[in-house]
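Reviewing the structure listed below.
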Amino acid sequence: MPDYRERLWPTPWIYLTSLLLVPASILVLAPVSLPAGIATGVLLYVAVAGSLTLTSPVIEVGDGRLRAGRAVVPLEFTGQAIPAEGEAARTERGTGLDARAYLVIRGWIRDVVRVPIEDPADPAPYWLVSTRHPHEMAAAINGSRRPRVGGEPA
5 MPDYRERLWP
15 TPWIYLTSLL
25 LVPASILVLA
35 PVSLPAGIAT
45 GVLLYVAVAG
55 SLTLTSPVIE
65 VGDGRLRAGR
75 AVVPLEFTGQ
85 AIPAEGEAAR
95 TERGTGLDAR
105 AYLVIRGWIR
115 DVVRVPIEDP
125 ADPAPYWLVS
135 TRHPHEMAAA
145 INGSRRPRVG
155 GEPA
């Protein structure tokens with residue numbers, strides 16, 4: 005069992021606004037064929053909603069590793085995870101962002117967790133990960149870190 009697991013599903017309003025593809029398609033194709041406009045709109049909506057759902061990344065902390073989307077890092081190579089909410093999260097995603105950071109962020113999720121990477125071979129100074137539960141995710145990362153060789157705390 006992972007210590008923390010979250011899938012970054014799109015919010016319901018993303019799916020609702022995507023429904024605007026249906027009337028837009030009808031409007032564009034109605035002069036040619038109303039049934040083609042309806043069918044195209046429905047197909048476009050299904051494709052967009054399906055791709056948003058299928059590509060939503062999973063964030064998981066467990067078994068001594070952090071997985072964010074397709075990337076995995078052993079927790080022994082991470083520093084103290086820092087949750088950020090509200091304005092602090094906006095700064096992390098904006099003016100405070102390092103271009104070398106590894107990002108798993110979604111625009112529909114406001115809060116983030118910053119996870120410093122302490123592996124000298126890794127070019128990313130930190131990971132910035134969107135989450136709906138920043139304090140729980142940071143606690144899972146910080147609580148799951150194992151002591152390093154030589155007895156030093158991680």
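Residue numbers for the sequence shown follow the working numbering, beginning at 5 and rising by one.
Note that CB positions come from ideal geometry on N, CA and C, so glycine has one too.
Helix, strand or coil for residue i, going by three-state DSSP, please let me know.
| i | result |
| --- | --- |
| residue 37 | coil |
| residue 131 | strand |
| residue 74 | coil |
| residue 68 | coil |
| residue 82 | strand |
| residue 101 | coil |
By how many angstroms is the C-alpha of residue j removed from the C-alpha of residue i?
| i | j | result |
| --- | --- | --- |
| residue 91 | residue 107 | 18 Å |
| residue 34 | residue 50 | 20 Å |
| residue 165 | residue 141 | Here the chain comprises residues numbered 5 to 158, so residue 165 is not present and cannot be evaluated. |
| residue 14 | residue 118 | 21 Å |
| residue 80 | residue 68 | 7 Å |
| residue 148 | residue 86 | 14 Å |
| residue 26 | residue 109 | 28 Å |
| residue 245 | residue 89 | For residue 245 there is no data in the structure shown, the boundaries of the chain being 5 and 158. |
| residue 93 | residue 116 | 6 Å |
| residue 22 | residue 7 | 34 Å |
| residue 77 | residue 130 | 11 Å |
| residue 128 | residue 66 | 21 Å |
| residue 96 | residue 135 | 13 Å |
| residue 143 | residue 74 | 22 Å |
| residue 71 | residue 29 | 39 Å |
| residue 52 | residue 24 | 11 Å |
What does residue i pair with, by DSSP beta-bridge criteria?
| i | result |
| --- | --- |
| residue 88 | 116 |
| residue 107 | 132 |
| residue 63 | 10, 72 |
| residue 121 | 82 |
For the beta strand (DSSP E) that residue i lies in, which residues bound it at each end?
| i | result |
| --- | --- |
| residue 10 | 8-11 |
How far does the alpha helix (DSSP H) with residue i in it reach, from first residue to last?
| i | result |
| --- | --- |
| residue 147 | 138-148 |
| residue 21 | 16-22 |
Check whether the region 95-102 and the region 57-71 are in contact - that is, three or more C-beta pairs closer than 8 Å. no
Does the count of Cβ pairs from the region 117-124 and the region 39-53 closer than 8 Å reach three? no
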